[in-house]
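Chains A and B, in that order, give the protein sequences.
Quick note, the first sequence lines up with residues 2 to 286 if you use the numbering used here.
Quick note, the second sequence lines up with residues 919 to 1181 if you use the numbering used here.
Glycine is no exception: its CB is placed at the ideal position from the N, C-alpha and C atoms.
Fair warning: this is a prediction, and the values are worked out from it, not measured in the lab.
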Amino acid sequence: MIPSMAVQHHHHRQRASVVRRVLIGLAVLLALVVLGVPTAIVFVHAFGKGVEGWWKAISAPEALGAIGLSLFTLVIVVPVNAVYGLSVAWAVTKFRWQGKKWLVSLIEVPFSVSPIVAGVATLMVYGSSGLFGGWLMDHDIKVMFAVPGIILATLFVTSPFVAREVMPLMQLQGTDEEEAAQVLGAGGLTTFLKVTLPNVKWALFYGLILCAARSLGEFGAVSVVSGHIRGETNTLPLYIDLLYHDYDSSGAFAAASVLTLLALVTVVLKAVVEGRRDAVEEEGA
Amino acid sequence: MTMGLSVSYLGLIVLLPIAALLLKASGLSLHEFLAATTSPRALASYEVTALSAAEAVAFNAVVGLLFAWVLARYDFPGRRLLDSVMDLPFALPTAVAGVALTAAFAPNGWFGQYLVPLGIKVAHAQPGIAVAMAFTSLPFVVRTVQPVIEDLELDVEEAARILGATELQVFVRVVLPTIAPALIAGVTLAFARCLGEFGAIIFIAGNRPFETEITALLIYIRLEEYEYGAATAIATVVLAVAFLVMLATNALQAWQQRYLDKG
C-alpha cells in the first residue's frame, strides 16, 4: 500500500550531541538547496520584469483562459473524488466480503501508472480509434482534445487520493460506533453523516487538499488528451509548457508562480490540518 | 449501494481505460509489438530512464533517510516548517519543477554558473533527468521511513550504548536493520515514480533520441506521429513494469509487517 502522506507526530526525545547539530544543519542546508532554491527561482524569474511584467503576463487573455480551465477542472474533480473516496473507503472498511483485498489494490492502480500511460489509456477509450470513438463521433460528442477529456484524465490520476487517506482511519475505528447508531435506530445515511463522517473529517480534508494539488498540477495525462488548442484546452501547466517553448521564459515563470503560490497554500493547509488533528487527538487522549 | 457505486466508478474511470489500452495492444501482431518495443530507440530510452531512476533513488535513499531521521528524532526551531516543506515536491506541479530546475542548472543559473565551468553539465544532459526524478520522488522515501523511526523503541539503542557501542555502531547494527524494510519500500515507491515521471523531465532533459529521451516521452512522440499502435505497445511495457514494481512493493511491505510483528 502507498503510505499515507499524513504525518503522525509523536513525542521526540532528545540527546544533545555534536552529531545531532551536524545532522540538523545538514538537513536544513539540503532542504534549502534541494527544495528552497527551485521554489525561489520561480519567483525571481516571474518578477524578472517587475510586478507590472508579471501582472501583464498573467492577465493576458490566454493566461486567464488557462487559469479558468484549471479551476473549472478542479471544481469538478475535487467533489467527485470526495464522494468516490468516501464511498469506496466505506465499502472496503465497514463490510466484510470476498475480494476486498483486490479492490484495495485496484484503487491504488493509478498511483503506479505513469501519467503518460494514463493519457494514452484514456485516448484508447474516447479517441477516434478508441473503444467508444466511433459511437462518439456518430453522435457528434467531443471528448478527446476537449474539456471532457481533460476532466476524465484528471479523474483517473487523482482517484486514489481521498480513498487512501480515509481508508486507514475508517479501518482503525472499526464498526462499533456505527453498530451502536444502527441499534439506536439510525438509518444508513444518518449513521454515515453523524458517526462516520465526523470521525474521518481530517483525513478527508487532507485527501482533498492532495487531490486539489494534483488536479491543478497534472501535466502528463492532460498533455496527451488536451490537443493543446490555444485559449481553449490549455490548462495552466500546459500553458507554461507552451510559453516556455515559445521562448517566453518570463511569461512561463509568471504562470508557474501562480501554481507555486497555490502549492505553498496546499503545504500550509496540510500543516494546519495536521496541527488541528493533533490538537484534537491530544484533547481526546 | 456505495459499493456498487464506487466499484462502477473505479471501473469506468480507471479500469476501462487500462483495459482499452491492453485491448489495443493485443490487436497488434507480435511482429508489430516487438518492432515498437524493441527498436534501438526504445531500448535506449529504457536504459536512460532506468539508469537515471537508479541514480535518483540512490541519492534519495541517503538524503531521504537523513530528513526522516532529523524530523523524527530531533526537536529544533523550524522543525515543523522543515516537515511541511518535505511535501513541496508533491504539491508543486511537475511542469513548474521542470522549468525551475532547468533555470537553476542553466549555464547562467544559480547552480549552473558554478557547475558548468567545472565541466559538469546537468541541464540538457542525462544528469538533469536524474535531478528531476530525485526532486519529484523525494517525499516517498521521507514519508515511508519517518513513521518507522518515530516508532522505534529507544531502550534497545540504550542497551547497546550501555554495552559500549559507539553511536555509529548503534545506528548501523541496531537502527538500520530495523528500518531497512521501510527504507527499501520507500526506495521502491520512489523508483516506480521515477520510471513514470514526465512533466519535470522533458524541460530539463534536452530530449535527444538515443541519449536523453525517456520512455514516457517516446510514447508521447509516437502519439504525435499518429503511431497509435507503437504508442500503446510501449505504454503496455511501461504499465507491465509498473505493475511488477508495485507487486514487489506489496511483497516488501508484507515482509516489513511480519518483521515488525516479530520484533
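Residue i - containing alpha helix (DSSP H), residue span
{"i": "residue 230 of chain A", "result": "No alpha helix (DSSP H) holds residue 230 of chain A; DSSP gives it neither H nor E."}
{"i": "residue 177 of chain A", "result": "177 to 184"}
{"i": "residue 978 of chain B", "result": "958 to 991"}
{"i": "residue 1032 of chain B", "result": "1030 to 1033"}
{"i": "residue 1075 of chain B", "result": "1072 to 1080"}
{"i": "residue 1126 of chain B", "result": "Here residue 1126 of chain B belongs to no alpha helix (DSSP H), and DSSP marks it neither H nor E."}
{"i": "residue 1037 of chain B", "result": "From DSSP, residue 1037 of chain B is part of no alpha helix (DSSP H); its letter is neither H nor E."}
{"i": "residue 1045 of chain B", "result": "1044 to 1068"}
{"i": "residue 150 of chain A", "result": "148 to 159"}
{"i": "residue 1141 of chain B", "result": "1133 to 1142"}
{"i": "residue 246 of chain A", "result": "237 to 246"}
{"i": "residue 1012 of chain B", "result": "1012 to 1023"}
{"i": "residue 1105 of chain B", "result": "1094 to 1114"}
{"i": "residue 950 of chain B", "result": "948 to 955"}
{"i": "residue 7 of chain A", "result": "Taken as a continuous stretch (DSSP letters only), residue 7 of chain A belongs to no alpha helix (DSSP H), as it is neither H nor E."}
{"i": "residue 939 of chain B", "result": "934 to 944"}
{"i": "residue 1008 of chain B", "result": "1006 to 1009"}
{"i": "residue 111 of chain A", "result": "110 to 113"}
{"i": "residue 926 of chain B", "result": "920 to 928"}
{"i": "residue 145 of chain A", "result": "Here residue 145 of chain A belongs to no alpha helix (DSSP H), and DSSP marks it neither H nor E."}
{"i": "residue 208 of chain A", "result": "202 to 218"}
{"i": "residue 121 of chain A", "result": "116 to 127"}
Counted within 10 angstroms of its Cβ, other Cβ atoms place residue i as buried (16 or more) or exposed
{"i": "residue 1077 of chain B", "result": "exposed"}
{"i": "residue 15 of chain A", "result": "Any reading at residue 15 of chain A must be qualified, since the residue scores a pLDDT of 49, below 50, and its modelled position is unreliable; the value itself is stated next. By the 10 Å Cβ count, residue 15 of chain A comes out exposed."}
{"i": "residue 13 of chain A", "result": "Residue placement at residue 13 of chain A is flagged as unreliable, the pLDDT there being 47, under the threshold of 50; the coordinate-derived value follows with that caveat. Flag for residue 13 of chain A reads exposed."}
{"i": "residue 1006 of chain B", "result": "buried"}
{"i": "residue 145 of chain A", "result": "buried"}
{"i": "residue 1144 of chain B", "result": "exposed"}
{"i": "residue 224 of chain A", "result": "buried"}
{"i": "residue 976 of chain B", "result": "exposed"}
{"i": "residue 139 of chain A", "result": "exposed"}
{"i": "residue 1174 of chain B", "result": "buried"}
{"i": "residue 22 of chain A", "result": "exposed"}
{"i": "residue 26 of chain A", "result": "exposed"}
{"i": "residue 1142 of chain B", "result": "exposed"}
{"i": "residue 96 of chain A", "result": "exposed"}
{"i": "residue 282 of chain A", "result": "exposed"}
{"i": "residue 949 of chain B", "result": "exposed"}
{"i": "residue 192 of chain A", "result": "buried"}
{"i": "residue 142 of chain A", "result": "exposed"}
{"i": "residue 1054 of chain B", "result": "buried"}
{"i": "residue 1038 of chain B", "result": "exposed"}
{"i": "residue 131 of chain A", "result": "buried"}
Contact list for residue i against chain A, beta-carbon separation under 7 Å
{"i": "residue 1085 of chain B", "result": "20"}
{"i": "residue 1157 of chain B", "result": "114 and 118"}
{"i": "residue 1177 of chain B", "result": "Chain A residues near residue 1177 of chain B: none, gap ~16 Å exceeds 7 Å."}
{"i": "residue 1149 of chain B", "result": "121"}
Where residue i meets chain B, residues with beta-carbon distance less than 9 Å
{"i": "residue 162 of chain A", "result": "Ordered by position in chain B, no residue passes the 9 Å Cβ test against residue 162 of chain A, which lies about 10 Å from the chain."}
{"i": "residue 242 of chain A", "result": "1013, 1016, 1017, 1117, 1120 and 1121"}
Neighbouring residues, chain A, relative to residue i (Cβ below 8 Å)
{"i": "residue 1062 of chain B", "result": "4"}
{"i": "residue 1002 of chain B", "result": "268, 269, 271 and 272"}
{"i": "residue 1036 of chain B", "result": "By Cβ distance, chain A contributes nothing, its closest Cβ being about 17 Å from residue 1036 of chain B, past 8 Å."}
{"i": "residue 939 of chain B", "result": "118, 121, 122 and 125"}
{"i": "residue 936 of chain B", "result": "110, 114 and 122"}
{"i": "residue 994 of chain B", "result": "25"}
{"i": "residue 985 of chain B", "result": "28, 31 and 32"}
Beta-carbon neighbours of residue i, restricted to chain E and to distances below 7 Å
{"i": "residue 85 of chain A", "result": "In summary, chain E is missing from the structure at hand, where the protein chains are A and B."}
Under 7 Å from the C-beta of residue i: neighbouring residues of chain B
{"i": "residue 156 of chain A", "result": "931"}
{"i": "residue 88 of chain A", "result": "920, 923 and 924"}
{"i": "residue 32 of chain A", "result": "1000 and 1003"}
Where residue i meets chain B, residues with beta-carbon distance less than 8 Å
{"i": "residue 220 of chain A", "result": "1011, 1012, 1013, 1116 and 1117"}
{"i": "residue 245 of chain A", "result": "1017 and 1121"}
{"i": "residue 130 of chain A", "result": "942 and 1146"}
Residues that residue i contacts on chain A, provided the C-beta gap is smaller than 9 Å
{"i": "residue 964 of chain B", "result": "The contacting residues do not exist; residue 964 of chain B stays about 13 Å from chain A at best."}
Closer than 7 Å: residue i CB and nearest the ligand GTP heavy atom
{"i": "residue 974 of chain B", "result": "Although the ligand GTP was asked about, the structure shown includes no ligands whatsoever."}
Is the stretch 1146 to 1165 of chain B in contact with the stretch 1041 to 1059 of chain B, if contact means three or more CB pairs nearer than 8 Å? The stretch 1146 to 1165 of chain B makes no contact with the stretch 1041 to 1059 of chain B; the number of CB pairs closer than 8 Å stays below 3.
Can you check the stretch 21 to 99 of chain A for any alpha helix (DSSP H) of at least 4 residues that lies completely inside it and give the ranges in chain order? The alpha helix (DSSP H) runs of length 4 or more contained entirely in the stretch 21 to 99 of chain A are, from start to end of the chain, 38 to 47, 51 to 59 and 62 to 95.
Per the contact definition of three or more C-beta pairs closer than 8 Å, is the stretch 223 to 236 of chain A in contact with the stretch 1021 to 1030 of chain B? No: the two stretches stay apart, fewer than three of their Cβ pairs being nearer than 8 Å.
With contact counted as at least three CB pairs below 8 Å, one residue from each stretch, are the stretch 933 to 942 of chain B and the stretch 124 to 135 of chain A in contact? A contact exists between the stretch 933 to 942 of chain B and the stretch 124 to 135 of chain A.
Stretch-stretch touch, CB-based, cutoff 8 Å, three pairs: the stretch 1128 to 1143 of chain B with the stretch 962 to 970 of chain B: With a cut-off of 8 Å on Cβ pairs, the stretch 1128 to 1143 of chain B is in contact with the stretch 962 to 970 of chain B, counting three or more such pairs.
Using 8 Å as the cut-off, can you tell me whether the stretch 1015 to 1022 of chain B makes contact with the stretch 1081 to 1095 of chain B, which would need three or more C-beta pairs spanning the two stretches below that distance? Segments in contact, no.
When you compare the stretch 89 to 96 of chain A with the stretch 1110 to 1127 of chain B, are there three or more beta-carbon pairs, one atom per stretch, that lie closer than 8 Å? Contact fails between the stretch 89 to 96 of chain A and the stretch 1110 to 1127 of chain B, because fewer than three Cβ pairs, one in each stretch, are under 8 Å apart.
The stretch 1090 to 1106 of chain B contacting the stretch 1052 to 1066 of chain B, beta-carbon criterion three pairs below 8 Å: Of all C-beta pairs linking the stretch 1090 to 1106 of chain B to the stretch 1052 to 1066 of chain B, three or more are shorter than 8 Å, placing the two stretches in contact.
Is it a yes or a no for the stretch 212 to 223 of chain A touching the stretch 250 to 264 of chain A, going by three-plus beta-carbon pairs under 8 Å? In short, these stretches touch, since the Cβ pair count reaches three.
The stretch 980 to 991 of chain B contacting the stretch 31 to 46 of chain A, beta-carbon criterion three pairs below 8 Å: Contact holds: three or more Cβ-Cβ distances are below 8 Å.
Measuring CB atoms only, is the stretch 163 to 177 of chain A touching the stretch 241 to 249 of chain A, in the sense that at least three cross pairs come out at less than 8 Å? A contact is defined here as three or more CB-CB pairs under 8 Å, and the stretch 163 to 177 of chain A fails this definition with respect to the stretch 241 to 249 of chain A.
Do the stretch 203 to 212 of chain A and the stretch 41 to 48 of chain A meet, that is, are 3 or more Cβ pairs less than 8 Å apart? Contact between the stretch 203 to 212 of chain A and the stretch 41 to 48 of chain A is absent: fewer than three C-beta pairs spanning the two stretches fall below 8 Å.
Would you check if there are 3 or more beta carbon pairs closer than 8 Å linking the stretch 182 to 192 of chain A to the stretch 96 to 114 of chain A? The way I'd put it, the stretch 182 to 192 of chain A doesn't touch the stretch 96 to 114 of chain A; fewer than three beta-carbon pairs between them come closer than 8 Å.
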